[in-house]
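Taking it in order: structure first as structure tokens, then the write-up.
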Amino acid sequence: MLDTSEYILLVAALFIFAMLQLGFTRLILNNNRTMVRTELDYTAVALAQNIVDHSRNKAFDEAAKGAYNPLRVPDDFTDLGPEIGEYYPYYDDFDDYDNYTRTDTTQHGIYKTSCRVDYMQESDLSELSPVKTPHKRLYVRVISEVEDTVAVTYIKSYY
């Protein structure tokens with residue numbers, strides 16, 4: 222038969238085992254949470270990168286499409302945004318993506334994408350320019366339904 226000290230040791234061992242089990246369970250839950258968040262972020266980055274990849278193949282500006290070259294760079298460039306009658310996915314120049322928005326529903330949830338195109342300073346490509354320059358930046362922002370935001374930027378230059 223067990224005496225009192227053995228019962229105390231048994232209870233202490235069970236308590237230690239329970240604490241270890243709780244720690245292990247917490248570790249597994251945190252790992253699963255991290256995996257889900259990573260998958261959500263990966264999907265958001267993929268959606269943003271898809272738009273950037275499509276924009277990279279477009280002409281720099283409507284005035285510089287095909288064999289046309291503007292005479293006065295950057296003054297002859299058109300205003301940002303799609304020209305009349307142009308709509309996604311039939312954009313033909315880089316700045317057509319200005320103010321483009323869309324909502325994507327994936328297996329991981331709903332994502333809202335918004336795009337903005339800006340002219341960048343010639344001397345500092347990290348600064349926006351209030352006037353036309355030979356450098357345009359596409360800023361793509363994707364917001365998931367859990368309010369996480371991913372942003373991807375791409376700068377295209379005309380030479």
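Residue 222 is where the sequence shown starts when you use this note's numbering, and the numbers rise one by one after that. Virtual Cβ for every residue (Gly too), placed ideally from N, Cα, C.
Exposure of residue i, with buried meaning 16 or more beta-carbon neighbours within 10 Å
i, result
"I331", "exposed"
"T370", "exposed"
"H356", "buried"
"A234", "exposed"
"T334", "buried"
"Y318", "buried"
"M341", "buried"
"T255", "exposed"
"F245", "exposed"
"A239", "exposed"
"A288", "exposed"
CB-CB length for residue i against residue j, believed under 8 Å
i, j, result
"V329", "T264", "For the sequence presented, residue 329 should be read as His rather than Val. Rounded, the Cβ-Cβ distance is 5 Å, consistent with contact."
"R358", "I376", "5 Å"
"Q270", "V367", "20 Å between Cβ atoms; not a contact."
"L241", "D325", "Actually they do not touch by this definition, with Cβ atoms about 43 Å apart."
Cross-strand partners of residue i (DSSP beta bridge)
i, result
"Y340", "K357"
"L349", "M341"
"D314", "A280"
"K286", "Note: K286 sits in no beta bridge, so no partner."
"S378", "H356"
"S365", "Y332"
"T370", "I364"
Selection from the options that minimises the alpha carbon distance to residue i
i, options, result
"N320", "Y360, L261 and A233", "Y360"
"D300", "V352, S378 and Y380", "V352"
"G302", "L268, V266, D339 and P295", "D339"
"Y380", "R277, Y228, F281 and D345", "F281"
"D296", "G287, Y308, E283 and I272", "E283"
"L261", "S276, M341, T354 and T327", "T327"
"F407", "V257, Y228, R247 and V273", "With the chain represented from 222 up to 380, any question about residue 407 goes unanswered, as that position is not in the structure."
"H275", "F245, Y311, V294 and R323", "Y311"
"R323", "S365, G306, E227 and A288", "S365"
"S378", "E307, F298, Y308 and G306", "F298"
Range of the contiguous beta strand (DSSP E) that encloses residue i
i, result
"R323", "T322 to T327"
Residue i CB to nearest heavy atom of the ligand MN below 7 Å
i, result
"V367", "Ligands displayed in this structure: none; no statement on the ligand MN is therefore possible."
Below-8 Å beta-carbon distance, residue i vs any chain D residue
i, result
"I249", "Given the protein chain composition of this structure (a single chain), no chain D is represented."
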